[in-house]
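Chains A and B, in that order, are what the protein sequence lines are.
Heads up: the first sequence at position 124 corresponds to 124 in UniProt numbering, and the numbers run straight through without jumps.
Heads up: the second sequence at position 172 corresponds to 172 in UniProt numbering, and the numbers run straight through without jumps.
There are 2 protein chains.
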Amino acid sequence: MELLKQRIQEEGKVLNDQVLKVDSFLNHQVDPLLMMEIGEAFRERFKHEGITKIVTLESSGISPSVTAGLAMGVKVIFARKRKSLTLTDGLATSKVYSFTKEEWSEISLSSEFLSPDDRVLIIDDFLANGQAGLGLIDIVEQTGAQVAGIGIVIEKGFQSGREILQSKGVRVESLARVQSLQNGRVTFYKETGVHA
Amino acid sequence: MELLKQRIQEEGKVLNDQVLKVDSFLNHQVDPLLMMEIGEAFRERFKHEGITKIVTLESSGISPSVTAGLAMGVKVIFARKRKSLTLTDGLATSKVYSFTKEEWSEISLSSEFLSPDDRVLIIDDFLANGQAGLGLIDIVEQTGAQVAGIGIVIEKGFQSGREILQSKGVRVESLARVQSLQNGRVTFYKETGVHA
């Protein structure tokens with residue numbers, strides 16, 4: 001997605017070889033118009049998958065998921081990172097390790113909102129080591145629903161997330177695939193055929 | 001906002017006299033089409049305020065803020081509930097007590113995204129005791145920006161939040177004002193003139 005890559009080049013901050021900060025349009029400040037373009041891009045890529053629900057993880061996954069939900073006309077469920085006091089019955093839960101925060105957290109989702117008839121698109125802001133994606137696949141499958149694909153806004157292609165998620169038999173689509181953050185510069189993979 | 005009140009009546013769960021659970025369209029599962037109507041309603045109520053930015057609090061405030069941002073053509077900043085490892089410089093912070101969770105948390109916002117020229121609309125999903133709103137006003141004002149108003153999706157009008165926020169001189173607009181949750185039923189205030 002060219003517009004997204006441009007914004008990453010213009011506004012992304014490369015903190016080191018591993019960390020790309022995009023707080024000005026995705027992770028802290030959100031540009032709703034860019035998010036709408038992102039939502040449309042997800043709709044285009046998954047239009048033949050019969051998606052009935054979107055599942056994401058709070059908080060940074062919510063914005064692109066809501067715009068994808070608008071574009072596709074389906075509801076969005078955001079998994080929570082810890083149990084809240086008003087969310088207790090019928091929870092699907094999984095443990096997820098964050099390499100960025102160096103901690104385990106429990107993610108959970110009310111299974112009442114998914115059924116075996118659902119074909120779920122999982123959306124997340126970043127793909128790095130694939131741990132959040134694995135946890136999301138786990139809780140969706142606990143409800144009996146089917147994971148139809150994973151849509152990622154920015155993939156750090158030099159980390160192992162894609163292989164890990166694809167090894168689960170899940171289709172992975174990224175709107176921007178970063179090849180390297182070396183020398184303070186963002187380079188992307190060529191896109192030819194990636195989303196054929 | 002009649003459509004919102006209908007959804008609250010149809011899908012809201014009254015857990016007790018104090019707690020209304022709307023997990024099926026706002027706080028866990030999100031209905032993007034309803035969120036877009038909510039975004040348009042905020043645009044209509046604040047159209048003469050010259051809003052340049054929206055500020056909200058993760059996570060449940062993000063969906064209605066992104067659709068309001070779409071409707072109004074302005075960017076959205078979601079304040080974080082604790083410091084993240086990649087968010088360190090130039091933070092405005094405030095402490096907020098949650099009566100629901102019975103705990104203090106620190107909320108923070110990168111001051112680089114607001115300037116004294118900004119007129120900020122604060123949006124949140126619920127208004128109860130006004131503590132989150134006070135914290136959001138605090139961090140916005142720390143950046144020198146001006147709070148032009150507070151937009152609330154659901155106000156629990158039998159709690160003190162509105163008085164607390166109005167005592168700061170801030171205009172408060174709620175799309176649904178709950179008068180009572182007694183006897184397991186949701187009743188709303190009459191809307192006449194409320195958003196004149």
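Ideal Cβ placement from N, Cα and C applies to all residues, glycine included.
Remember, predicted model here, so these are calculated numbers, not experimental data.
Closer than 8 Å to chain B by CB, residue i
| i | result |
| --- | --- |
| T67 of chain A | yes |
| S110 of chain A | yes |
| D118 of chain A | no |
| Q6 of chain A | no |
| residue 212 of chain A | As displayed, chain A neither begins before 1 nor continues past 196, which places residue 212 of chain A out of reach and without an answer. |
| V147 of chain A | no |
| L136 of chain A | no |
| D89 of chain A | no |
| D124 of chain A | no |
Sub-8 Å separation of residue i and residue j beta-carbons
| i | j | result |
| --- | --- | --- |
| A148 of chain B | S115 of chain B | no |
| F126 of chain B | K156 of chain B | yes |
| A68 of chain A | F42 of chain A | yes |
| L181 of chain A | L70 of chain A | no |
| L109 of chain A | I139 of chain A | yes |
| P32 of chain A | V153 of chain B | no |
| I54 of chain A | I107 of chain A | no |
| L121 of chain A | I164 of chain A | no |
| I8 of chain B | V30 of chain B | no |
| T143 of chain B | S105 of chain B | no |
| S60 of chain A | L26 of chain A | yes |
| G178 of chain B | I137 of chain B | Reading the sequence as shown, one finds Val at residue 178 of chain B and not Gly. No, the pair does not count as a contact, with Cβ atoms beyond the cut-off. |
| N183 of chain A | S160 of chain A | no |
| S63 of chain A | V66 of chain B | yes |
| R185 of chain A | V14 of chain A | yes |
Bridge-paired residues (DSSP) for residue i
| i | result |
| --- | --- |
| I77 of chain A | A:V55, B:Q29 |
| R177 of chain A | A:E155 |
| E169 of chain B | Here residue 169 of chain B is Gly; the residue named in the question, Glu, does not match the sequence. According to DSSP, which records beta bridges pairwise, G169 of chain B is partnered with nothing at all. |
| F188 of chain B | B:V178 |
| K13 of chain A | A:K21 |
| G149 of chain A | A:L121 |
Any chain A beta carbon closer than 8 Å to residue i
| i | result |
| --- | --- |
| Q131 of chain B | no |
| E58 of chain B | yes |
| Q18 of chain B | no |
| F113 of chain B | yes |
| S63 of chain B | yes |
| K156 of chain B | no |
| L70 of chain B | yes |
| D31 of chain B | yes |
| M35 of chain B | yes |
| H28 of chain B | yes |
| A196 of chain B | Interpretation of A196 of chain B is limited by its pLDDT of 38, a score under 50 that renders its predicted location unreliable; no figure is taken from the coordinates. |
With 16 other Cβ atoms within 10 Å as the buried cut-off, status of residue i
| i | result |
| --- | --- |
| E2 of chain B | exposed |
| H28 of chain B | buried |
| F99 of chain B | exposed |
| D118 of chain B | buried |
| D17 of chain B | exposed |
| G12 of chain B | buried |
| G151 of chain A | buried |
| T52 of chain B | buried |
| S167 of chain A | exposed |
| G39 of chain A | buried |
| T187 of chain A | exposed |
| E10 of chain A | exposed |
| L57 of chain B | buried |
| R162 of chain B | buried |
| E103 of chain A | exposed |
| L4 of chain A | buried |
| V82 of chain B | What sits at residue 82 of chain B in the sequence shown is Arg, not Val. R82 of chain B is exposed by the Cβ-count criterion. |
| R45 of chain A | buried |
Suppose only complete runs of 3+ residues qualify. What are the beta strand (DSSP E) ranges in the segment 59-143 of chain A, listed by chain order? 75-79, 91-98, 103-110, 119-127
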